[in-house]
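A.B. asks: Shown below is the structure under consideration.
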Amino acid sequence: MRNLDTSPSTRPVPARHRRRPAVVLAVVAGAIAFSLVVLLAVAVAVSRAATVDGPGGAGRLLGTAAVGAALGRDEATGEAGGVVPPGTSPFDEDVPAVSGLDPRLLDALQRATTDATAAGVVVVVNGGWRSAAYQEQLLDDAVVQYGSRTEAARWVATPETSAHVHGDAVDVGSWDATSWLSGNGAAYGLCQIYENESWHYELRPEAADQGCPPMFRDPTEDPRMNP
């Protein structure tokens, strides 16, 4: 009688066990392929929602409402929500805080910046469009800094009332730039709105002919802050 070696290292493996790795690999590969298809579809949808052909050329950015609907920007924080990288120019339209500004405000700011640069003045954007989530974050930080919501309201608006959330306000630097805009901004329709915020400018088109309106001492005097 022959002596058969039946140790685990030489015992035949049933066919059903040998096929299992191949089945697992096929399932994993299918899941990866499906994920890639979904990601590609989302990317195409966002791209179509964010750009449009027009007088400004192919790929010109739509308004913040359309982009917000595609990307959920109201909930965004960080740079996507309006945080501005240091040294950002009014011409850096790849930065959401700049591209999210009302087109008329951005045009006026860029024209002013061109003339200020010719005069040797550097204009940078320190604040522009902001998501509601980022504005709320700034308000919460101000409450901590100033000790109460009432005092914080002199410096930071709520997401519901902030002109930044609607793309209607820009905070500029340097100090030379604020000084230059104080004397020349009205010609472009750019007006300082609050006495305590020399950096905060909004578009007032009539200012080119009539001058800027009187400033509020701080945002708490602005009727828009108390709807």
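Numbering (this note's numbering), first residue to last: 314 to 540.
Cβ coordinates follow ideal geometry from the N, Cα and C atoms, glycine included.
Compute the distance between the beta-carbons of Arg530 and Glu508, then report whether it is under 8 Å.
C.D. replies: Cβ distance < 8 Å, so Arg530 and Glu508 count as in contact.
A.B. asks: Please go through the region 404-473 and give each complete beta strand (DSSP E) segment of 3 or more residues, from N-terminal end onward.
C.D. replies: Within the region 404-473, the complete beta strand (DSSP E) runs of at least 3 residues are 437-440.
A.B. asks: Give me the Cα-Cα distance between Thr471 and Asp454, rounded to the nearest whole angstrom.
C.D. replies: Using only the alpha carbons, I get a separation of about 12 Å.
A.B. asks: For Asp489, report the span of its alpha helix (DSSP H) as first-last.
C.D. replies: Run containing Asp489: 488-497, per the alpha helix (DSSP H) assignment.
A.B. asks: Quick check on this structure: which residue in Glu449, Asn497, Gly496, Leu503 has the alpha carbon closest to the alpha carbon of Pro518?
C.D. replies: Looking at the Cα atoms, Leu503 is the closest of the given residues.
A.B. asks: Quick test of your reading: Gly498 and Ala410, contact by CB under 8 Å. State the CB separation rounded to the nearest angstrom.
C.D. replies: Not really, about 19 Å apart at Cβ, beyond 8 Å.
A.B. asks: Within the same chain, show all residues whose beta-carbon is closer than 6 Å to that of Asp484, passing over the 5 residues directly before and after it, in chain order.
C.D. replies: Answer for Asp484: Asn439, Gly440, Trp512, His513, listed in chain order.
A.B. asks: What would DSSP say about Glu515, mapped onto helix, strand or coil?
C.D. replies: Three-state result, Glu515: strand.
A.B. asks: Rounded to a whole number of angstroms, what is the C-alpha to C-alpha distance between Pro526 and Thr491?
C.D. replies: Pro526 and Thr491: Cα-Cα distance of roughly 17 Å.
A.B. asks: Return the first residue and the last residue of the beta strand (DSSP E) that Gly504 is part of.
C.D. replies: The residue asked about is misnamed: residue 504 is Cys in this sequence, not Gly. Cys504 -> beta strand (DSSP E) spans 503-505.
A.B. asks: Would you call the CB atoms of Asp415 and Leu516 closer than 8 Å?
C.D. replies: Yes; because the gap between Cβ atoms is below 8 Å, this pair is in contact.
A.B. asks: Which residues share a DSSP beta bridge with Val485?
C.D. replies: Note: Val485 sits in a beta bridge opposite Val438.
A.B. asks: Whole angstroms is fine: what's the gap from Arg467's alpha carbon to Asp522's?
C.D. replies: Cα-Cα distance, rounded: 30 Å.
A.B. asks: Following the continuous alpha helix (DSSP H) through Asp522, name the residue where it begins and the one where it ends.
C.D. replies: Note, Asp522: alpha helix (DSSP H), 520-523.
A.B. asks: Would a C-beta distance cut-off of 8 Å place Arg443 and Gly395 closer than the cut-off?
C.D. replies: It is a contact, given that the beta carbons lie within the stated cut-off.
A.B. asks: Quick check: what's the CA-CA separation for Ser475 versus Gln458?
C.D. replies: Ser475 and Gln458: Cα-Cα distance of roughly 19 Å.
A.B. asks: Just how far apart, CA to CA, sit Ala465 and Asn539?
C.D. replies: The alpha-carbon atoms of Ala465 and Asn539 are separated by roughly 14 Å.
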